[in-house]
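Sequential numbering of the sequence shown, starting at 414, is according to our numbering.
Idealized CB from N, CA, C, for every residue including glycine.
Computed from a prediction, not measured in an experiment: that's the story for all the values here.
Below is one structure, written out as structure tokens; comments come after it.
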Amino acid sequence: MVLLALLVCSTARTYQATPFHPGALPDIYGDETFQGNVQQALDYLQASYPDDYHNVTFWLSEIRPTDTYTRVDSYGVCHIDVTDQQASYYWLASVLIHEAQHVADDHVYFVDHAYTADQSEYRALVAQASYLAAINDWTSEQKYYWVNGWMSKKYWETIPAEYGEA
């Protein structure tokens, strides 16, 4: 009877929202410096922003260095470019929050909403800006000024197709 109840309650949406690494940290690849930088960002989030830490560790399955573009796929495999790798752990934490938001949206938000690259980037930038606003004591106006500044660049349209949407 319990099995039947589980099957009846199971939906595609519930399946899609299943964590990639339940209870585990993402696998971190790269050299010792890269791994150390990522771990420092994760440790900071865990200590200071546990909700963001939970989202990052829930949605990202792997974190890898890349010499191309910072990006993430729908499976939670995140690639961090050289500029983001060498930034402060505060910034790197914001990048991880941004990329985790993309994965969460792919599996939750865009199940019920039409996907657009602009909306995907906007939602990820808002998540990132919320964290940056907290650590920098930004006003709501400053937060949305930052988001709108990045949105106006349309940087995601410059990424070649082999690395993401074009």
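Where K566 falls, given that 16 or more other Cβ within 10 Å makes a residue buried: exposed
If we call anything under 8 Å between Cβ atoms a contact, is A513 one with N468? Closer than 8 Å, so yes.
Helix, strand or coil: which one does DSSP assign to L521? First, the residue type needs correcting, since residue 521 is Val and not Leu in the sequence shown. V521: coil per DSSP, three-state reduction.
Would you call the region 520-530 and the region 478-485 in contact, with 3 or more CB pairs under 8 Å? no
For I493, the first and last residue of its enclosing beta strand (DSSP E): 490-493
To the nearest whole angstrom, what separates the beta carbons of A546 and Q555, a pair I think is in contact under 8 Å? 7 Å
Quick one, which of D519, V560, Y557, E475 has its alpha-carbon nearest L509's? E475
When you compare only the Cα positions, how much space is there between A517 and G489? 9 Å
On the three-state DSSP scale, how would you describe I572? coil
Drop a sphere of 10 angstroms on the beta-carbon of E534, count the other beta-carbons inside from all chains shown, and report buried for 16 or more, exposed for fewer. buried
Which same chain residues, not among the five before or five after P439, have their C-beta less than 6 Å away from its C-beta? L473, S474, E475, I476
Presumed contact (8 Å Cβ cut-off) between A506 and L458, rounded CB distance: 5 Å
Cut-off 7 Å between Cβ atoms - residues of its own chain near A542, not counting five sequence neighbours on either side: K556, W559, V560
Taking the straight line between their C-alpha atoms, what separation do you get for Y576 and D465? 26 Å
What does DSSP give as the partner residue(s) for W478 in the beta ladder? In the sequence as presented, Trp is not what sits at residue 478; that position holds Pro. Its beta-bridge partners are I493.
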